[in-house]
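Peer 1: Just so you know, we're using this note's numbering here: the sequence shown kicks off at 69 and counts up by one. Even glycine gets a Cβ: it sits at the ideal position worked out from N, Cα and C. Following this message is one structure expressed as structure tokens.
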Amino acid sequence: MPPWRSSAIIAFLKRGSSGRSGILGTKFTGKQSGFEHVMSEDMEKRIASALGNPDRDPHGEPIPSARLVMPRDASIPLSELMPGQEAMVRRAEAGDSNALRRLDAAGVRIGSVVRVMSRSAYDQLLTLQIRGRSKPVTFGPALTERVYVERTKTK
Numbered sequence: 069m070p071p072w073r074s075s076a077i078i079a080f081l082k083r084g085s086s087g088r089s090g091i092l093g094t095k096f097t098g099k100q101s102g103f104e105h106v107m108s109e110d111m112e113k114r115i116a117s118a119l120g121n122p123d124r125d126p127h128g129e130p131i132p133s134a135r136l137v138m139p140r141d142a143s144i145p146l147s148e149l150m151p152g153q154e155a156m157v158r159r160a161e162a163g164d165s166n167a168l169r170r171l172d173a174a175g176v177r178i179g180s181v182v183r184v185m186s187r188s189a190y191d192q193l194l195t196l197q198i199r200g201r202s203k204p205v206t207f208g209p210a211l212t213e214r215v216y217v218e219r220t221k222t223k
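So, in structure tokens, the structure goes:
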């Protein structure tokens, strides 16, 4: 089984082929199903094609191609940014659903642009301005080490 199969299935079932909510909605993790283990290669190719042969899963994690080539990923942990630096969110570790919900509620999503307003030297809290949001948010390392970004500009 190619390693990207499970991610492609989950993306399809969550998003559907049109980008709207898929068959199982956004709470489906794939762990409830063994579908990816019994799916034919033809079905796998059709799902990948319907999704536009994605190179990222719904959380932004890289998916290897059918030839097992990983997409380029120059992202760094959000926790490495300094005040004044701006970056685009590229991916988030999917292991903790509570962390993902907290990030989503604050507007930190794949494609979001964030700017570090301040960093606490004592406990490494980052205060972020998220483009399109009026109020800044503050996160500690428990969240900022799970989010990966690509810098867009530096002061």
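#1: For A134 and P151, what's the separation of their Cα atoms in angstroms?
#2: Would you mind giving the Cβ-Cβ distance between A155 and L168, rounded to the nearest angstrom? I have them listed as a contact below 8 Å.
#3: Quick one: grab the DSSP three-state call for V176.
#4: Do Y190 and P145 have their C-beta atoms within less than 9 Å of each other?
#5: Using three-state DSSP, classify S202 as helix, strand or coil.
#6: Using 9 Å as the threshold, is the C-beta distance between G128 and I178 below it?
#7: Give a single yes or no on whether E218 has its beta carbon closer than 8 Å to a heavy atom of the ligand HEM.
#8: Output yes if chain C places a C-beta closer than 9 Å to the C-beta of R170; else output no.
#9: Scan the region 109-141 and note each continuous alpha helix (DSSP H) run of 4 residues or more that stays entirely inside, going in chain order.
#10: Pick helix, strand or coil for A189, following the three-state DSSP scheme.
#11: Taking the beta carbon of S46 as the centre, do at least 16 other beta carbons fall within 10 Å, making it buried, or is it exposed?
Peer 2: Reading from the atomic positions:
#1: 40 Å
#2: Actually they do not touch by this definition, with Cβ atoms about 18 Å apart.
#3: It is coil, neither helix nor strand.
#4: no
#5: In the structure shown, S202 falls within a coil segment according to DSSP collapsed to helix, strand and coil.
#6: yes
#7: The ligand HEM is not part of the structure shown, which contains no ligands of any sort.
#8: Any reference to chain C falls outside this structure, which holds one protein chain only.
#9: Taking only runs of at least 4 residues, the alpha helix (DSSP H) segments lying wholly in the region 109-141 are 109-118.
#10: coil
#11: Here the chain has residues from 69 to 223 only, and residue 46 is not among them.
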